[in-house]
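To start, the structure itself, in structure tokens.
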Amino acid sequence: MRAMFRAMFAIILRETIRFVSQRGRFIASLVRPLVWLVVFAAGFRAALGLSITPPYQTYITYEIYIVPGLCGMVQLFNGMQSSLSLVYDREMGSMRLLLTSPMPRWWLLFSKLLAGTLVSIVQVYAFLLIAGLFGIDFSLLGYLYALPVLILNGLMLGALGLFLSSTIKQLENFAGVMNFVIFPMFFLSTALYPLWKMAEASTLLRDICAFNPFSHAIELLRFALYEQFNGTALVWVIVSLGIFLGASIWGYNPARGKILGR
Amino acid sequence: MNSFGLRVAGLSHHYGSKCALNDISFDIERGNFCALLGPNGAGKSTLYALLCRLISAQQGTIIIDGLDIAKNPRRALAKMGIVFQQPTLDLDLTVQQNLSYFAGLHGLSGKEARLAMGKALDRLSMGERENEKVRALNGGHRRRMEIARALIHNPSVLLLDEATVGLDAQTRREITAHVHALAELDDLTVIWATHLVDEVWPDDRLMILHQGKIIRDGITKEISEGNTLAETFANLTESEDA
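If you're matching them up, the sequences are chains A and B in order.
Following our numbering, the numbering of the first sequence begins with 843 at its first residue and continues without gaps.
Following our numbering, the numbering of the second sequence begins with 25 at its first residue and continues without gaps.
What follows is the structure in structure tokens.
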């Protein structure tokens, strides 16, 4: 058991060192949501009126509404970036090194996921810090309650990335992931608009958004930032995590013989 | 006590309808060096992927130092050191960080890991370069480092898949000699896959793999029968193709 935790620590340490040495990746992870916050949200502020919906107890500006969604965006991109690096690792061989460790394969994959999640949490808090400088801040407890949610959301999105990486044969196919996973998942969620606003446009769109696990991840975070609990969202996120994690462990099962990327 | 470091029996593997390995069987005695020679596409990489359980065998058994890899995958993997064809070092991490990561993956830490890493660095005479980034090392040093790293957890079987790919002739000779010495001095069972005949020594045990089958298995100089290995290898693989 001690050996398993040593392996987990080694994996987390490796990801942390890599993250620290890749400053460009850190800056990019912050610039993306900040552009949305400063440019996109400022433009939409005038166009979009938001009524009072939980967890908000008063009228809010669009910038305030969009912040949890942008935190989700940071974690979504990080999850997919991890997936990209896994496909790269597989082509380059370091995935082989990981999978030939004498630790249980599910544990190795989970450790990899956890390492990616911790990196994404640093990115999210850095983004929240900058958002705070723009006047969008939360209570200290809100930041604290967000932590377990960010862990859960990071694991869920990372597990999705992990599963996708087991199905992508070549690095070149990653562009498809951007088009068919990241964008629909982000735009068809409550990241940018609340469900009732979506329903005004189309009930079908609203239903898709309500089914999207990413919506629930964002709502769970939105509520946590306001020191509130959203049980339905929690169940959705946990169930989605279970499904994605199960699928990725299946994806990396040696009996499937797909690890060689053939 | 089991005298075989590695035993493979009735191993077959298919990718869809394409047969990559067809009923392969061989034993390698503990502490022996065995070269596995085959042209590109012969099935060497598939055999290696099966030996280190990146993929599961569809048919047949693999016994690593007395342990069936299908029944005891984790214990069998702990007895194996593996050097892959693809480079597996993190170029932006230091030599020490790379070794430490690997030690951790094998459950080593603290004093135990430090001792093992020190031994690995001594083997490479690279103690003073442990804080350098791997990117700063030349190709030969990187490969030697991967070999030393594969021995950190004290395995009894060492698998090397085209370990000298991309290196110059002099470095290839040095690495080949280094691995031969490891088998002899450290009582390691070594299986060395290559498609380059000059890496196989006359007294080595040699298996020639072609089109998923072992077409020769014996001592190199006996298989060559007075010819050069290059001629024998060319004749064998061409006649099989014909």
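Positions of the beta carbon are idealized from the N, C-alpha and C atoms, including for glycine.
- Interface flag for A1089 of chain A against chain B is unset, since no Cβ pair is found closer than 8 Å.
- The C-beta of S27 of chain B has fewer than 16 other C-beta atoms within 10 Å across all chains shown, which makes the residue exposed.
- Straight across, the Cα-Cα distance linking I1085 of chain A with G1073 of chain A is about 18 Å.
- With three or more CB-CB distances shorter than 8 Å, the stretch 975 to 993 of chain A counts as touching the stretch 1060 to 1077 of chain A.
- Under DSSP, V214 of chain B forms a beta bridge with B:F57 and B:L182.
- Neighbours of T112 of chain B in chain A, taken as residues whose beta carbon is under 8 Å from its own, are M934, G935, S936, R938 and L939 in chain order.
- Interface flag for T1074 of chain A against chain B is unset, since no Cβ pair is found closer than 8 Å.
- Taking C-beta atoms as the reference points, N995 of chain A and S1031 of chain A fail to come closer than 8 Å.
- Around the beta carbon of D146 of chain B, a 10 Å sphere encloses fewer than 16 other beta carbons of the protein chains shown; the residue is thus reported as exposed.
- At least 8 Å separates the CB of S927 of chain A from every CB of chain B.
- Going by DSSP, D1049 of chain A is part of the alpha helix (DSSP H) stretching over T1045 to F1053.
- Between G1000 of chain A and G974 of chain A, the beta carbon gap of about 26 Å keeps them out of contact (Cβ cut-off 8 Å).
- Within chain A, no residue has its CB atom less than 7 Å from the CB of D89 of chain B, the nearest being about 13 Å off.
- Within the same chain, Cβ atoms closer than 8 Å to the Cβ of N122 of chain B are found at L113, D114, V158, M169 and R173, the five residues on either side in sequence being excluded.
- In chain order, G128 and S133 make up the part of chain B whose C-beta sits under 9 Å from the C-beta of F851 of chain A.
- Taking a Cβ-Cβ threshold of 9 Å, the residues of chain B close to T942 of chain A are C76, R77, L78, L101, M104, I106, F108 and L129, in chain order.
- At least 8 Å separates the CB of I1010 of chain A from every CB of chain B.
- Within the stretch 29 to 116 of chain B, the runs of alpha helix (DSSP H) at least 4 residues long that lie entirely inside it are, in chain order, 68 to 75 and 97 to 102.
- Closer than 8 Å to the CB of P910 of chain A there is not a single CB belonging to chain B.
- For the stretch 946 to 996 of chain A, the full-length alpha helix (DSSP H) segments reaching 4 residues or more read 947 to 975 along the chain.
- Scanning chain B for C-beta atoms nearer than 8 Å to the C-beta of P946 of chain A yields R98, reported in chain order.
- Rounded to the nearest angstrom, the gap between the Cα atoms of M998 of chain A and G105 of chain B is 34 Å.
- Counting along the chain, the unbroken beta strand (DSSP E) around H234 of chain B starts and ends at R229 to H234.
- Of the candidates B:S80, B:L117, B:H130 and B:Q109, the residue whose Cα lies closest to the Cα of R99 of chain B is B:H130.
- Taking C-beta atoms as the reference points, L1004 of chain A and L928 of chain A count as a pair closer than 8 Å.
- Here G935 of chain A carries a coil assignment [DSSP, helix/strand/coil].
- Between G164 of chain B and T195 of chain B, the C-beta spacing is below 8 Å.
- Closer than 8 Å to the CB of D92 of chain B there is not a single CB belonging to chain A.
- Assignment of D241 of chain B by DSSP, reduced to helix, strand and coil, places it in the strand class.
- If one requires a minimum length of 4 residues, the alpha helix (DSSP H) runs lying completely within the stretch 118 to 164 of chain B are 119 to 129 and 134 to 148, in chain order.
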